[in-house]
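**Q** Numbering (full-length UniProt numbering), first residue to last: 1 to 323.
Ideal placement from N, C-alpha and C gives every residue a C-beta, glycine not left out.
Here the structure is a predicted model, which is why all the values come from computation and not from measurement.
Dropping a structure here in structure tokens format, bear with me for questions.
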Ligand SMILES: [Co+2]
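Here it is, written out as structure tokens:
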């Protein structure tokens, strides 16, 4: 989906209007703003830029707005009252899709200069991953290069020097058609050196994403789930719950195997769907993706680009002049 993400991103970051939450936040005016508002702004921007049209084009997955020690898979559910604070480190993870080609890209925002080195480390590590990637390159070697770059940084927070650790159980990934993690033959680009001899191949799409942390460098599931996706290998089991049957029809029609969040069900007019949703998860038809967090008190950052390995060129389809 080359080219598609650029106008989308500039809507978010370069919008000159003084009424957008991003500008207000960046300019330290009128804080705090509801994080929920930012999210709708991004998603509305994506929907407008790619002229949303059912499964043909639109949002590729829920906008990640993970804060501080949480690294991924957080986006507000309805009624979330969380607001952005001065000291927050916010990961913005955006997906856009056109005809099932998904562009996956992320950056980190911080309004506190103490975390500049953390952001710099992770941006550099992601750029290392992009630089090392290529046809016939082994995944384990790319991981080693990412780790080396990340670990060459440290952050000083209130007089304490902390190493920047790559998060060992998060990874970059291949992207398939309507499949954010590359379908059945998905490959992973880990962030720590390993013996994976698997090679990148011509024609593959990769999301090169790295995460750095001032904590343990390992995430666990924490908090209320917002992200879901229908499994590509969902079993065809008869559903006894009529509400589950009807919710599955909504999911099939609107998302297919693309990830979505509870807010997307709300905007489609679905109400009181939690029982049905949990039933679909229990039956193995829908996969839930809980927020992934390091230890409380730590800070995590993420940068990510989507690359396409064409025969003669490595195209970074999400690259802009901002990151
Ligand atoms: Co990704």
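1) According to the neighbour-count rule (16 or more other Cβ atoms, all chains shown, within 10 Å of its Cβ), is residue 229 buried or exposed?
2) Under 8 Å, do residue 155 and residue 108 count as touching if we go by C-beta distance?
3) Mapping DSSP to helix, strand and coil, what is residue 277?
4) Given 7 Å as the limit, tell me if residue 133 has its C-beta closer than that to any heavy atom belonging to ligand 1.
5) Can you find the residues in the same chain that come closer than 6 Å, C-beta to C-beta, to residue 136, ignoring five residues on each side of it along the sequence?
6) Is residue 342 near ligand 1, in the sense that its beta carbon is under 7 Å from a heavy atom of that ligand?
7) In chain order, what are the residue ranges of uninterrupted alpha helix (DSSP H) at least 4 long that sit wholly in the segment 235 to 270?
8) Could you tell me whether the Cβ atoms of residue 173 and residue 160 are closer together than 8 Å?
9) Quick one: using the 10 Å Cβ neighbour count with 16 as the cut-off for buried, is residue 113 buried or exposed?
10) In or out: residue 279 buried (at least 16 other Cβ within 10 Å) or exposed?
11) Looking at residue 125 and residue 146, is the spacing between their C-beta atoms short of 8 Å?
12) Return helix, strand or coil for residue 117, following the three-state DSSP convention.
13) How many Å lie between residue 303 and residue 240 at the Cα?
14) So residue 77 packs on residue 224, CB below 8 Å; how close in whole Å?
15) Give me the DSSP bridge partner(s) of residue 307.
16) Rounded to whole angstroms, what's the CA-CA distance from residue 244 to residue 321? Just pull it up for me.
17) Short check: CB of residue 50 to CB of residue 94, under 8 Å?
18) Should residue 339 be listed as close to ligand 1, given that the test is whether its C-beta is under 7 Å from any heavy atom?
19) Counting only the same chain and skipping the five closest in sequence on each side, list residues whose C-beta sits under 6 Å from that of residue 205.
20) So residue 227 and residue 75 are in contact, right, with Cβ under 8 Å, and what is the actual spacing, rounded?
21) Look at the Cβ atom of residue 296, then the Cβ atom of residue 69, and state whether they are nearer than 8 Å.
22) Would residue 139 and residue 189 be called neighbours here (beta carbons separated by less than 8 Å)?
23) Can you name, in chain order, every residue of its own chain whose Cβ lies under 6 Å from the Cβ of residue 292, other than the five neighbours on each side?
24) DSSP puts residue 97 in a beta bridge; with which residues?
25) Strictly by DSSP, which residues pair up with residue 179?
26) My output table needs one value for residue 122: the three-state DSSP class, helix, strand or coil.
27) I need the boundaries of the alpha helix (DSSP H) containing residue 139, first residue and last residue.
28) Go ahead and pull the three-state DSSP assignment for residue 300.
**A** According to the structure shown:
1) In the chain shown, the residue the question calls residue 229 occupies position 229. Looking at its Cβ environment, which holds 16 or more other Cβ atoms inside 10 Å, residue 229 is buried.
2) Counting from one through the chain shown, the residue named residue 155 turns up at place 155. Counting from one through the chain shown, the residue named residue 108 turns up at place 108. Cβ atoms of residue 155 and residue 108: not closer than 8 Å.
3) Sequence index remark: in the chain shown, residue 277 carries index 277 (1-based). In this structure, residue 277 counts as helix in the three-state DSSP scheme.
4) Residue numbering aside, residue 133 sits at position 133 when the chain shown is read from its first letter. Residue 133 Cβ: outside cutoff for every heavy atom of ligand 1.
5) Counting from one through the chain shown, the residue named residue 136 turns up at place 136. Cβ neighbours of residue 136 beyond the five flanking positions: 199.
6) As shown, the chain starts at 1 and ends at 323. That puts residue 342 outside it, with no answer to give.
7) 242 to 254, 262 to 267
8) Taking the chain shown and counting its residues from 1, the one referred to as residue 173 is at position 173. Taking the chain shown and counting its residues from 1, the one referred to as residue 160 is at position 160. Not in contact: residue 173 and residue 160 (Cβ atoms no closer than 8 Å).
9) Taking the first residue of the chain shown as 1, we reach residue 113 at position 113. Residue 113 should be labelled exposed.
10) In the chain shown, the residue the question calls residue 279 occupies position 279. Buried, by the Cβ-count rule.
11) Start at 1 with the first residue of the chain shown, and residue 146 comes out as number 146. Start at 1 with the first residue of the chain shown, and residue 125 comes out as number 125. In this structure, residue 125 lies closer than 8 Å to residue 146 by Cβ.
12) Position 117 of the chain shown, counting from 1, holds the residue named residue 117. The answer is helix: DSSP assigns residue 117 an H, G or I state.
13) Within the chain shown, the letter at position 303 stands for residue 303. Within the chain shown, the letter at position 240 stands for residue 240. Their backbone Cα atoms lie some 43 Å apart in a straight line.
14) Position 77 of the chain shown, counting from 1, holds the residue named residue 77. Position 224 of the chain shown, counting from 1, holds the residue named residue 224. The pair is a contact, with the Cβ atoms about 6 Å apart (cut-off 8 Å).
15) Working through the chain shown from its first residue, we reach residue 307 at position 307. Note: residue 307 sits in a beta bridge opposite 206, 316.
16) Along the chain shown, one-based indexing puts residue 244 at 244. Along the chain shown, one-based indexing puts residue 321 at 321. Between residue 244 and residue 321, the C-alpha separation is close to 45 Å.
17) The residue given as residue 50 occupies position 50 in the chain shown. The residue given as residue 94 occupies position 94 in the chain shown. It is not a contact, given that the beta carbons lie outside the stated cut-off.
18) The structure shown does not extend to residue 339, since the chain is modelled only from 1 to 323, so the question has no answer here.
19) As a working note, residue 205 is residue 205 in the chain shown. Excluding residues within five positions, the ones whose Cβ falls inside 6 Å are 175, 308.
20) Reading the chain shown from its first residue, position 227 is the one you call residue 227. Reading the chain shown from its first residue, position 75 is the one you call residue 75. Indeed they touch by this definition, with Cβ atoms about 7 Å apart.
21) In the chain shown, residue 296 corresponds to position 296, counting from 1. In the chain shown, residue 69 corresponds to position 69, counting from 1. Result yes, Cβ atoms of residue 296 and residue 69 sit closer than 8 Å.
22) Position 139 of the chain shown, counted from the first residue, corresponds to residue 139. Position 189 of the chain shown, counted from the first residue, corresponds to residue 189. Taking 8 Å as the Cβ cut-off, residue 139 and residue 189 qualify as a contacting pair.
23) What you label residue 292 is simply residue 292 of the chain shown in a count that begins at 1. Within the same chain, residue 292 has close Cβ partners 71, 72, 73, 219.
24) Within the chain shown, the letter at position 97 stands for residue 97. For residue 97, which the question treats as bridged, DSSP gives the partners 58, 102.
25) Against the chain shown, residue 179 aligns to sequence position 179. Note: residue 179 sits in a beta bridge opposite 176.
26) Counting from one through the chain shown, the residue named residue 122 turns up at place 122. In the structure shown, residue 122 sits in a helix (DSSP, three-state: H, G or I).
27) By 1-based counting over the chain shown, the position of residue 139 is 139. Residue 139 -> alpha helix (DSSP H) spans 139 to 151.
28) Taking the chain shown and counting its residues from 1, the one referred to as residue 300 is at position 300. In the structure shown, residue 300 sits in a strand (DSSP, three-state: E or B).
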